[in-house]
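J.: So the protein lines, in turn, are chains A and B. Under our numbering, read the first sequence as residues 173 to 587, first letter to last. Under our numbering, read the second sequence as residues 173 to 587, first letter to last. Glycine included, C-beta positions come from ideal geometry on N, C-alpha and C. Here the structure is a predicted model, which means the values were calculated and not measured.
Number of protein chains: 2
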Amino acid sequence: MRQSTLFTKTRREAPSDEVSRNAQLLIRAGFVHKEMAGVYDYLPLGHRTLQKIIQVIREEMNELGAHELFLTALQDPMVWQKSGRWSDDVIDVWFKTKLQNESEIGLATTHEEPLTNVMRDHINSYKDLPCSAYQFQTKFRNELRAKSGIMRGREFVMKDLYSFCKDKEEHDAFYAKAAEAYKTIFVRLGIGDKTYFTYASGGSFSKYSHEFQTVCDAGEDTIYIDEAKGIAVNEEVYNDPEVFVASGLDKESLVQVKAAEVGNIFTLGEKFSDALSLTYTTAEGNSQNVFMGSYGIGPGRVMGTIVELLSDEKGIVWPESVAPFRYHLVSLAGNDSAVSEYADSLYEALTKAGQETLYDDRDLRAGEKFADSDLMGMPWRIVVGKNAVASGELELVNRATGEVTKITREELLAR
Amino acid sequence: MRQSTLFTKTRREAPSDEVSRNAQLLIRAGFVHKEMAGVYDYLPLGHRTLQKIIQVIREEMNELGAHELFLTALQDPMVWQKSGRWSDDVIDVWFKTKLQNESEIGLATTHEEPLTNVMRDHINSYKDLPCSAYQFQTKFRNELRAKSGIMRGREFVMKDLYSFCKDKEEHDAFYAKAAEAYKTIFVRLGIGDKTYFTYASGGSFSKYSHEFQTVCDAGEDTIYIDEAKGIAVNEEVYNDPEVFVASGLDKESLVQVKAAEVGNIFTLGEKFSDALSLTYTTAEGNSQNVFMGSYGIGPGRVMGTIVELLSDEKGIVWPESVAPFRYHLVSLAGNDSAVSEYADSLYEALTKAGQETLYDDRDLRAGEKFADSDLMGMPWRIVVGKNAVASGELELVNRATGEVTKITREELLAR
Chain A
173 MRQSTLFTKT RREAPSDEVS RNAQLLIRAG FVHKEMAGVY DYLPLGHRTL
223 QKIIQVIREE MNELGAHELF LTALQDPMVW QKSGRWSDDV IDVWFKTKLQ
273 NESEIGLATT HEEPLTNVMR DHINSYKDLP CSAYQFQTKF RNELRAKSGI
323 MRGREFVMKD LYSFCKDKEE HDAFYAKAAE AYKTIFVRLG IGDKTYFTYA
373 SGGSFSKYSH EFQTVCDAGE DTIYIDEAKG IAVNEEVYND PEVFVASGLD
423 KESLVQVKAA EVGNIFTLGE KFSDALSLTY TTAEGNSQNV FMGSYGIGPG
473 RVMGTIVELL SDEKGIVWPE SVAPFRYHLV SLAGNDSAVS EYADSLYEAL
523 TKAGQETLYD DRDLRAGEKF ADSDLMGMPW RIVVGKNAVA SGELELVNRA
573 TGEVTKITRE ELLAR
Chain B
173 MRQSTLFTKT RREAPSDEVS RNAQLLIRAG FVHKEMAGVY DYLPLGHRTL
223 QKIIQVIREE MNELGAHELF LTALQDPMVW QKSGRWSDDV IDVWFKTKLQ
273 NESEIGLATT HEEPLTNVMR DHINSYKDLP CSAYQFQTKF RNELRAKSGI
323 MRGREFVMKD LYSFCKDKEE HDAFYAKAAE AYKTIFVRLG IGDKTYFTYA
373 SGGSFSKYSH EFQTVCDAGE DTIYIDEAKG IAVNEEVYND PEVFVASGLD
423 KESLVQVKAA EVGNIFTLGE KFSDALSLTY TTAEGNSQNV FMGSYGIGPG
473 RVMGTIVELL SDEKGIVWPE SVAPFRYHLV SLAGNDSAVS EYADSLYEAL
523 TKAGQETLYD DRDLRAGEKF ADSDLMGMPW RIVVGKNAVA SGELELVNRA
573 TGEVTKITRE ELLAR
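1) Reducing DSSP to helix, strand and coil, say where B/Y354 ends up.
2) To the nearest angstrom, report how far apart A/N273 and B/L316 are at their CA atoms.
3) Helix, strand or coil for A/A495? Go by DSSP, reduced to three states.
4) Starting from the C-beta of B/R257, find all residues in its chain whose C-beta is less than 8 Å away, skip the five residues before and the five after it, and write them out in chain order.
5) Using only the heavy atoms of the ligand ATP, determine whether one of them is closer than 7 Å to the beta carbon of A/D446.
6) Relative to the C-alpha of B/V415, which candidate in B/E575, B/S373 and B/A186 has its C-alpha closest?
7) Counting only Cβ pairs nearer than 9 Å, list the residues of chain B close to A/C303.
8) When the Cα atoms are used, what is the spatial distance from B/S320 to B/S192?
9) Nearest-angstrom Cα distance between B/S188 and B/G487?
10) Could you list the residues in the stretch 283-297 of chain A with a C-beta less than 9 Å from some C-beta on chain B, going in chain order?
11) Name, in chain order, the residues that DSSP records as bridge partners for B/D339.
12) What residues from chain A crowd round B/Q272, counting only those whose CB sits closer than 7 Å?
13) Can you pull out the residues from the stretch 194-219 of chain B whose beta carbon lies closer than 8 Å to at least one beta carbon of chain A?
14) Taking DSSP as the reference, what is the three-state secondary structure of A/K443?
15) Pick helix, strand or coil for B/Q143, following the three-state DSSP scheme.
16) Taking only beta-carbon atoms, is B/G476 less than 8 Å away from chain A?
17) In angstroms, rounded to a whole number, what distance separates the CA positions of B/R324 and A/F377?
18) Give the list of continuous alpha helix (DSSP H) stretches no shorter than 4 residues that lie fully inside the stretch 449-530 of chain A.
19) Give the DSSP-derived three-state secondary structure of A/I263 in the structure shown.
20) Go to B/K319, then tell me how far its beta strand (DSSP E) extends in each direction, as first and last residue.
21) I want to see whether chain A comes within less than 8 Å of B/D248, judged by CB atoms only; does it?
22) If B/A510 and B/V429 are in contact, beta carbons under 8 Å, what's the gap, nearest whole angstrom?
23) Assuming A/A418 and A/Y380 make a contact with CB atoms under 8 Å, what is their CB distance in whole Å?
24) Let me check understanding here. Comparing Cα to Cα, which of B/M208, B/F312, B/F463 and B/K331 lies closest to A/N289?
25) 8 Å is my cut-off, CB to CB: does B/A245 come that close to chain A?
26) Along chain B, which residues have their Cβ under 8 Å away from the Cβ of A/K268?
27) Bridge partners of A/T288, per DSSP?
28) Count the other CB atoms, across all protein chains shown, that sit within 10 Å of the CB of A/G574; report buried if there are 16 or more and exposed otherwise.
29) Please name the residue, chosen from B/I579, B/Y519 and B/M548, that lies closest to B/S563 on a Cα-to-Cα basis.
30) Would you mind telling me which residues of chain A sit closer than 8 Å to B/G237, beta carbon to beta carbon, in chain order?
31) If you measure beta-carbon to beta-carbon, which residues of the stretch 319-335 of chain B are closer than 8 Å to chain A?
32) Cβ of B/T367 less than 8 Å from any chain D Cβ?
33) For a contact meaning CB atoms closer than 7 Å, what does A/D300 contact in chain B?
34) Taking buried to mean at least 16 other C-beta atoms within 10 Å of its own C-beta, is A/E583 buried or exposed?
35) Taking DSSP's pairing of strands, which residues face B/Q307 in a bridge?
36) Could you have a look at B/Y410 and say whether DSSP puts it in helix, strand or coil?
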């Protein structure tokens, strides 16, 4: 993308009412716009980044054999009354609104009930199980406070996967596969080494649920980590002796840290299938409740966590898998048409080779361009100036380390 | 996709409360689920179809040089009060809700105001213009009645593009390019020959807006078409003599038809830039309002219109560009392992060749499989039975025409 066509501008200062570091940097870099507290627009670079995260998650969901769908935000109270979760005392973050006929409807905080209801039309027999479905859908949560930038929004995209199995045994096998998929996802997103498989409180059908917690000062949770094992215990179950039996961890060797919950997986059991009558006929001809699980990741929260975790005093540092562009090609042409022609040609060649490149073709001073480039955080900066054209050697700068490598055009294109 | 893994089931009858033909067929085929009137979930096949439509539109928007972004559904009244559109008397389909502190917020019916406000941070100078941005975002409209299936929803995904220009001249050039892009889109989506560039009522900055109307009995609009020219006049401006001057049409040669509005393009002029103070500095140093346009397409409405237009008594007929899968591979293996191995191998080969294939590997009678296949509407059905394995010849059935061609495996893979 030619930066001259990109309408977003960087800014030196974040808005004074923005208290979270992730949103401060993302607003300054032109990735997001704050609509109101906890409600952020994704501008072109932010949208590209979010889509990169979504695509990694999508690939791993498909790998699990789950099918993608898209449920609605508007919610009929009927299905929620069946599970008892329509009440504001049970879900205290409902946004509710009204149809023209004055009947009340809700905005989805989550989708267990509506999907369980959909599945009543499709699951009849044990032959229909197991199956699983996921979506990337906007959730609305009327949080009392929203001060964590894009890490906790009143409106945010969530990937939610739901599994439907015959029994606990079949569910446990899927649950284990889903946990592995989650580990793969966070490794691919560049935060694998900081993300812990964490024991947290469960429900009626399993003593514990599991969270994926990324160690990060801006996180809202406190967890106890075993760094060597990559496993942790959430504070909420830390005083339960049985969690150490279940996790195989030794309480003595754990370290207390702040962390952000980037994913969670949960055994729902028969809670929703019982409430909404989602049953199947067994091979023996009996009727049985379907055994369910749910598995969430917030792509926006992941994006915010990456910014909190990897940024430095100059700005954002995106991992390659997440960056809106791999390369930031910075032309220092000024009025030198030989340099701008060289840079144009290199941009065309990179794009043709499928290398996603943001090309700073703007008429600005080098200092401004470098400051913008550092703030926006593409993994690799390529600098093209008079020297490059004369010597045939380009400067390739690693955003994370600052390391500068001399490289020829041919080497770059073959990279 | 192996159909045995697809949890959705077809059904012989649509729900009795569903009055629209598009939703009846889409529900029967397992593409959508009705959450409530005007609110439909997209199940896996429906989601794939919608994404195909979205991808065609996206490619043409990118071709225009527009950048994709994603604005929020939750709306701050402040920006809408500036344009006077917060009032329910002006926009009578608002859904409104409240934050925990009791302050009222809205659900986006459209995004002119919030995007104009975002652009205040980014457009300063004539050098920043022209630019354009688009999104695929959910709109919420509190329609009094919603009886047109997915063609008019209370919640629906819309592609909305907004352009920002220096003046009317620059705008007119972009507007003409956008109109061409729209024509290309509807041709690519398989409804080009039924879709008319239609003169409709305008606003303060242009006498007419333009709609893209697809001739279709289920449409809600009445238009007057010139079939040879592919141009039409909406009923709402039909009695204005000047529209015939502007369109170059002869009133005598027009035919009255029902049509569905699948797209519209609109000159907004300075209406929103003036209300929200979106100005730029001209080359001469003066402050000037930005000149805007908006350009909408409802992918769900397009999908519903295609169903209305192309379905037959057996079910849906998808154009190739829109179909969730190009091929429906129907195995009639029964207990014959030679047939099922042949079909398995063909499915693998088609998938490897990048040919999107739905593989009916279920253990069902041939009649049921064919009925499902006709209802679901993939463009090409491949039938694999004992004869195919023995003779090496497959039956390729064209869903639209019913025409059967004999084809070898090699010919199919080379297709």
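T.: Let me lay it out:
1) The answer is helix: DSSP assigns B/Y354 an H, G or I state.
2) The straight-line gap from Cα to Cα measures roughly 8 Å.
3) coil
4) I263 and E285
5) Annotation note on the ligand ATP: not contained in the displayed structure, which lists no ligands.
6) Considering only alpha carbons, the answer is B/S373.
7) T177, L178 and F179
8) 5 Å
9) Going by C-alpha positions, B/S188 is about 18 Å away from B/G487.
10) P286, L287, N289, V290, M291, D293, H294, I295 and N296
11) Under DSSP, no beta-bridge partner is assigned to B/D339.
12) N314 and L316
13) G202, H205, E207, M208, V211, Y212, D213, Y214, L215, P216, G218 and H219
14) helix
15) In the structure as shown, chain B starts at 173 and stops at 587, and residue 143 of chain B therefore has no counterpart that could be examined.
16) no
17) 42 Å
18) If you keep only unbroken alpha helix (DSSP H) runs of at least 4 residues inside the stretch 449-530 of chain A, you get 471-482 and 509-524.
19) coil
20) Run containing B/K319: none; DSSP gives neither H nor E here.
21) yes
22) So it is not a contact: roughly 53 Å between Cβ atoms.
23) 6 Å
24) B/M208
25) yes
26) Those within 8 Å of A/K268 in chain B are T269.
27) DSSP, once it has assigned bridges, lists no residue as partnering A/T288.
28) Counting Cβ neighbours within 10 Å, A/G574 comes out exposed, since fewer than 16 surround it.
29) B/I579
30) T177
31) R326 and E327
32) Of the protein chains in the structure, A and B, none is chain D.
33) F179
34) exposed
35) DSSP, once it has assigned bridges, lists B/D332 as partnering B/Q307.
36) coil
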